[in-house]
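Engineer: In my numbering, the protein residues as written are 72 to 514.
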Amino acid sequence: MHRPKNVELGVPRRTLTETIAVRAEHLYKAFGRRPNEIVKQLEAGKSRAEISHLGVAAVIDASFEVKKGEIFVVMGLSGSGKSTLIRMLNGLWDATSGSVTIGDTNIAGVSGAELRDVRRKSVSMVFQHFALLPHRTVIDNVAYGLEIQGMSREQRLTKARTIIHLVGLDGWADRLPSELSGGMQQRVGLGRALAADTDVLLMDEAFSALDPLIRREMQEQLVELQADLGKTIIFITHDLNEAMFLGDRIAVMRDGRIVQIGTPEEILTDPANDYVAQFVQDVDRARVLTAASVMEPGRAVVTTNGGPRAALRTMRDFQTSAAFVLNRDGSFVGIVRDQDVLKLVKAGETDLRKIILDNAVSVSPDTPLVDLVEPSVESAMAIAVVDEKKRLLGVIPRVTLLAALGNVNTNTGTLPVIEPPSTISTSVMTETLLETDSEGNDL
Ligand SMILES: Nc1ncnc2c1ncn2[C@@H]1O[C@H](COP(=O)(O)OP(=O)(O)OP(=O)(O)O)[C@@H](O)[C@H]1O
Ligand SMILES: [Mg+2]
Numbered sequence: 072m073h074r075p076k077n078v079e080l081g082v083p084r085r086t087l088t089e090t091i092a093v094r095a096e097h098l099y100k101a102f103g104r105r106p107n108e109i110v111k112q113l114e115a116g117k118s119r120a121e122i123s124h125l126g127v128a129a130v131i132d133a134s135f136e137v138k139k140g141e142i143f144v145v146m147g148l149s150g151s152g153k154s155t156l157i158r159m160l161n162g163l164w165d166a167t168s169g170s171v172t173i174g175d176t177n178i179a180g181v182s183g184a185e186l187r188d189v190r191r192k193s194v195s196m197v198f199q200h201f202a203l204l205p206h207r208t209v210i211d212n213v214a215y216g217l218e219i220q221g222m223s224r225e226q227r228l229t230k231a232r233t234i235i236h237l238v239g240l241d242g243w244a245d246r247l248p249s250e251l252s253g254g255m256q257q258r259v260g261l262g263r264a265l266a267a268d269t270d271v272l273l274m275d276e277a278f279s280a281l282d283p284l285i286r287r288e289m290q291e292q293l294v295e296l297q298a299d300l301g302k303t304i305i306f307i308t309h310d311l312n313e314a315m316f317l318g319d320r321i322a323v324m325r326d327g328r329i330v331q332i333g334t335p336e337e338i339l340t341d342p343a344n345d346y347v348a349q350f351v352q353d354v355d356r357a358r359v360l361t362a363a364s365v366m367e368p369g370r371a372v373v374t375t376n377g378g379p380r381a382a383l384r385t386m387r388d389f390q391t392s393a394a395f396v397l398n399r400d401g402s403f404v405g406i407v408r409d410q411d412v413l414k415l416v417k418a419g420e421t422d423l424r425k426i427i428l429d430n431a432v433s434v435s436p437d438t439p440l441v442d443l444v445e446p447s448v449e450s451a452m453a454i455a456v457v458d459e460k461k462r463l464l465g466v467i468p469r470v471t472l473l474a475a476l477g478n479v480n481t482n483t484g485t486l487p488v489i490e491p492p493s494t495i496s497t498s499v500m501t502e503t504l505l506e507t508d509s510e511g512n513d514l
């Protein structure tokens with residue numbers, strides 16, 4: 072896709088701290104009779120296929136850091152190693168080689184009792200099919216982990232009640248799991264994980280068994296919960312739209328290896344290889360891509376103090392029918408059209424502000440493309456992208472928007488199509504400028 076080089080990709084949706092919550096370094100997990108031999112051969116450059124007679128290399132040389140408060144998504148086809156990876160993060164499985172650090176604790180060298188302690192205090196996990204205790208009520212299920220921790224009944228019920236509210240199950244505390252829908256049962260599972268009050272939440276296909284509407288609801292709720300509670304979340308999915316919706320960053324796995332780590336926009340607009348590109352081709356681009364990632368530099372930009380003549384010259388030179396107008400302080404005011412400017416110049420008027428169209432659409436750089444479709448269809452004018460001080464960052468003509476949504480190249484080979492072409496011929500503009508030029512200078 073054609074994109075100006077100066078545009079920064081991947082506008083972060085959350086402001087993340089730089090504290091590292093989870094760190095994996097050169098993690099390997101091999102299944103077979105001699106797992107260490109498998110790792111040795113892989114380290115020596117052998118491929119996964121070449122060692123297959125020895126066993127399965129489920130995770131190969133995985134390294135990454137997850138920041139505190141981040142939602143880090145692990146995505147990949149079935150069998151690519153996602154569950155194996157996540158199980159090593161909470162010590163459920165030992166790594167064959169490499170290290171995992173949770174907070175300040177390297178769990179690789181930790182003994183059984185200590186490991187259980189780390190798991191209980193630092194990491195909790197939500198699975199696809201959460202095994203609820205069938206004969207216990209919702210509130211007792213949520214409070215179950217607290218009971219094991221030895222918290223008093225009164226304390227744990229108070230806490231569980233808060234969490235039941237958080238996950239949207241008010242009124243259901245005293246029901247049994249069998250009385251709940253699948254989505255509600257999954258909320259109980261999430262509630263139980265939240266009750267443990269750990270900093271890190273691991274979620275393995277936690278929403279995959281839910282039907283689409285409930286799934287979307289759960290995704291939205293998870294994002295809200297994250298914002299309220301500041302949890303670090305590692306979320307496994309093989310649903311790309313889910314990954315794109317939830318992830319601050321996404322790690323894509325293939326055959327045991329992490330092949331790319333990036334923000335959703337980076338993954339979408341700059342896939343590391345064909346595998347990732349194929350993976351992302353069906354994504355709902357309109358919800359992932361933002362104005363910032365598709366905008367073009369505004370070419371025909373004029374200022375109010377430059378006046379109508381300067382504006383007409385600029386529009387003639389760029390052969391465009393519309394120009395973006397900035398105030399003296401650089402803030403975006405609106406759009407002027409070539410015919411109006413021409414009339415103004417002919418009439419000898421000097422105030423450009425008289426003809427500025429006030430219906431120009433301006434948006435912030437993090438606006439998803441889906442929200443630009445309607446304004447773009449309603450107005451022939453390009454959409455202005457402005458920062459919080461109304462400074463013009465770029466523009467999005469309709470053609471660019473459509474191209475981005477359809478993932479086609481906007482570069483026609485000659486000139487990138489930016490604004491609608493001028494509606495008045497260049498010679499008419501030049502003549503008008505000449506006729507009205509009292510000082511006999513600059514054209
Ligand atoms: N206990 C085991 N013994 C032997 N091989 C295993 C074991 N667990 C997983 N594997 C193998 O490791 C590889 C990765 O499996 P893993 O379950 O991590 O994949 P996944 O990405 O989670 O897949 P899915 O999307 O289907 O859940 C697979 O080839 C699998 O067969
Ligand atoms: Mg799995």
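Beta carbons are placed, not taken as given, at the ideal position from N, Cα and C, and that holds for glycine.
1) In the stretch 238 to 278, which residue ranges form an unbroken beta strand (DSSP E) of at least 3 residues, counting only runs that do not cross its ends?
2) Exposed or buried, which one is Glu502 when buried takes at least 16 other CB atoms within 10 Å?
3) Grab me the residues of Ser450's own chain with a C-beta within less than 8 Å of its C-beta, minus the 5 sequence neighbours each way, in chain order.
4) Under 8 Å Cβ to Cβ from Val488, same chain only, skipping five residues before and after it: list those, please.
5) Going residue by residue through the stretch 274 to 320, where are the continuous beta strand (DSSP E) segments of at least 3 residues, counting only ones entirely within it?
6) Would Asp353 be called buried (16 or more neighbouring beta carbons within 10 Å of its own) or exposed?
7) When you get a sec, list the residues whose CB is within less than 5 Å of any heavy atom of ligand 1, chain order please.
8) So is Gly216 buried or exposed if we call it buried at 16+ other beta carbons inside 10 Å?
9) Mind checking Glu367: buried by the 16 CB within 10 Å criterion, or exposed?
10) Grouping DSSP H, G and I as helix and E and B as strand, with all else coil, what is Met146?
11) Would you check whether ligand 2 has a heavy atom nearer than 8 Å to the C-beta of Glu276?
12) Three-state secondary structure (DSSP) at Met366?
13) Do you know offhand how far Pro342's Cα is from Leu186's?
14) How big is the Cα-Cα spacing for Val224 and Thr155?
15) Would Thr497 be called buried (16 or more neighbouring beta carbons within 10 Å of its own) or exposed?
16) Is the stretch 356 to 366 close to the stretch 188 to 205, with three or more CB pairs under 8 Å?
17) Check whether the stretch 224 to 239 touches the stretch 173 to 183, counting contact only when three or more Cβ pairs, one atom from each stretch, lie closer than 8 Å.
18) Ser151: buried (16+ other C-beta within 10 angstroms of its C-beta) or exposed?
19) For Gln199, list the residues DSSP reports as bridge partners.
20) What does the Cβ neighbour count give for Gln290, buried or exposed, with the cut at 16 atoms within 10 Å?
Structural biologist: Considering the structure as presented:
1) For the stretch 238 to 278, whole beta strand (DSSP E) runs of length 3 or above, ordered along the chain, are 271 to 275.
2) exposed
3) Asn430, Ala431 and Val432
4) Confidence is the limiting factor: at Val488 the pLDDT is only 43, short of 50, which leaves the residue's position unreliable, though a coordinate-based value still follows. Only Pro468, Val470, Thr471 and Thr481 meet the Cβ criterion.
5) 303 to 308
6) Taking all protein chains in view, the Cβ of Asp353 is surrounded by fewer than 16 other Cβ atoms within 10 Å, so the residue is classified as exposed.
7) Phe102, Val127, Ala129, Ser149, Gly150, Ser151, Gly152, Lys153, Ser154 and Thr155
8) buried
9) With 16 or more other Cβ atoms within 10 Å, it is buried.
10) strand
11) yes
12) coil
13) 37 Å
14) It is worth fixing the name first, because residue 224 is Arg in this sequence and not Val. If you take the alpha carbons of Arg224 and Thr155, they lie about 35 Å apart.
15) exposed
16) no
17) no
18) buried
19) Under DSSP, Gln199 forms no beta bridge with any residue.
20) buried
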